[in-house]
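Take a look at the structure below.
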Amino acid sequence: MLRNNMMSSKNTFKPVLLNGADGASAKVYPYGAHVTNWCTADGIERLFLSERAEFKHGMAVRGGVPIIFPQFADLGSLAKHGLARTACWQQVSAAECGLSSVTFCWQEDRLGQEIWPHSFAADYQVELGIDSLKLILSIYNAGKQSFSFTAALHTYLRVDEIAHVSVSGLQGMRYRDSALGGTAEVDSDSALVITGELDRIYFGTTKPIQVMQVNQRTVECIADGFKDTVIWNPGPDKSAALPDMQSEGFRHMLCVEAAIIESPVMLSPGMTWTGSQLLQLR
Ligand code: TA6
17 MLRNNMMSSK NTFKPVLLNG ADGASAKVYP YGAHVTNWCT ADGIERLFLS ERAEFKHGMA
77 VRGGVPIIFP QFADLGSLAK HGLARTACWQ QVSAAECGLS SVTFCWQEDR LGQEIWPHSF
137 AADYQVELGI DSLKLILSIY NAGKQSFSFT AALHTYLRVD EIAHVSVSGL QGMRYRDSAL
197 GGTAEVDSDS ALVITGELDR IYFGTTKPIQ VMQVNQRTVE CIADGFKDTV IWNPGPDKSA
257 ALPDMQSEGF RHMLCVEAAI IESPVMLSPG MTWTGSQLLQ LR
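When the letters of the sequence shown are read in order and numbered with the numbering used here, they come out as residues 17 to 298.
Pasting the structure below:
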């Protein structure tokens with residue numbers, strides 16, 4: 017999966033615009049291969065992007081879909097959420113991309129020996145479909161030794177009002193409640209309602225997750241390869257403490273993250289791991 021058909025990304029902060037056959041559109045930045053917008057054919061923006069999001073080297077963009085790799089949160093010695101979201105990715109030559117899809121890649125040969133001393137190639141494909149957005153992340157081990165990693169697509173869905181949102185598909189699932197200091201719980205509710213800060217890692221999620229709102233179409237989140245799901249909303253206090261979050265931002269977002277955390281991926285030399293998240297309007 018090593019690539020030599022990459023276009024140089026002259027401007028890391030100049031987005032690639034995608035146009036879907038049904039009139040939908042999306043925006044992807046080379047910086048972090050970050051999808052910031054997905055506007056469906058009905059003209060509704062489906063991703064949350066903070067009005068105070070910073071587009072600066074070294075900073076993570078608040079909203080859209082940050083790519084988390086090779087470390088989720090602080091589960092390791094790297095910077096929080098790893099390196100991918102602040103890396104400069106390169107667009108794979110336009111010949112391989114349709115108007116409605118684009119691929120970015122990021123290759124490192126022993127990324128800063130002292131930081132994460134592994135050789136890998138990451139590919140990220142963004143595809144607009146009919147009422148859908150599909151995100152596919154692949155990691156190839158280009159080195160001579162195995163390495164392990166955790167990862168996530170930290171998708172910020174835009175919602176009209178968090179108090180009117182309910183999430184289904186998690187009943188009976190084990191989760192770690194990070195907002196309550198990491199307690200282990202099992203979800204007994206048929207629908208999750210967000211009434212304040214919520215930060216949970218659900219383990220072994222296999223079913224699609226539906227994000228339902230009043231007077232809006234449901235967004236179904238379908239993961240493949242990613243075995244866990246993180247649901248996050250910072251609630252009013254933590255939201256106000258985030259310098260790059262707009263006022264009351266928590267009311268208009270819900271992260272539904274396709275993740276692989278509990279059992280990190282162990283990747284042998286020459287092997288590729290792939291995980292995807294499909295966001296489908298119902
Ligand atoms: O995925 C949930 C989470 O790990 C939360 O604990 C919260 O901190 C969030 O990610 C955002 O992290 P960030 O570094 O982007 O502020």
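Glycine included, every Cβ here is placed at the ideal spot set by N, Cα and C.
Just the C-alpha distance for TYR218 and ARG190, rounded to the nearest angstrom, thanks. 6 Å
Relative to the C-alpha of ASN231, which residue among LYS43, ILE60, TYR47 is closest? ILE60
Buried or exposed, going by whether 16 or more other CB atoms sit within 10 Å of the CB of GLU273? buried
Out of PHE120, SER184, PRO133, VAL44, point me to the one whose CA is closest to ARG19's CA. PHE120
Run of the beta strand (DSSP E) containing GLY251, from where it starts to where it stops: Counting along the chain, GLY251 falls outside any beta strand (DSSP E), though it belongs to the alpha helix (DSSP H) covering 251-257.
Beta-carbon proximity of LEU64 to TYR156, cut-off 8 Å: The sequence as given places Phe at residue 64; Leu does not occur at that position. Contact flag unset, no.
Decide if MET287 is buried, meaning its Cβ has at least 16 other Cβ atoms within 10 Å, or exposed. exposed
Should HIS268 be listed as close to the ligand TA6, given that the test is whether its C-beta is under 7 Å from any heavy atom? no
Inspect the CB distances between the segment 70-78 and the segment 161-169 and report whether three or more fall short of 8 Å. no
Let me check understanding here. Comparing Cα to Cα, which of LYS223, VAL108, ASP203, ILE146 lies closest to ARG298? ILE146
Thinking just about the alpha-carbon of each residue, which of LYS150, PRO82, GLU67, VAL181 is nearest to the one in GLN229? VAL181
Does the ligand TA6 have even one heavy atom less than 7 Å from the beta-carbon of TRP289? no
If contacts are defined as beta-carbon pairs under 8 Å, then LEU283 and TRP289 qualify, I think. What distance do you get, rounded to the angstrom? 6 Å
From what residue to what residue does the beta strand (DSSP E) around LYS150 run? 148-157
For the ligand TA6, any of its heavy atoms closer than 7 Å to the Cβ of GLU273? yes
Opposite GLN293 in the DSSP bridges: which residues? LEU151, ALA239
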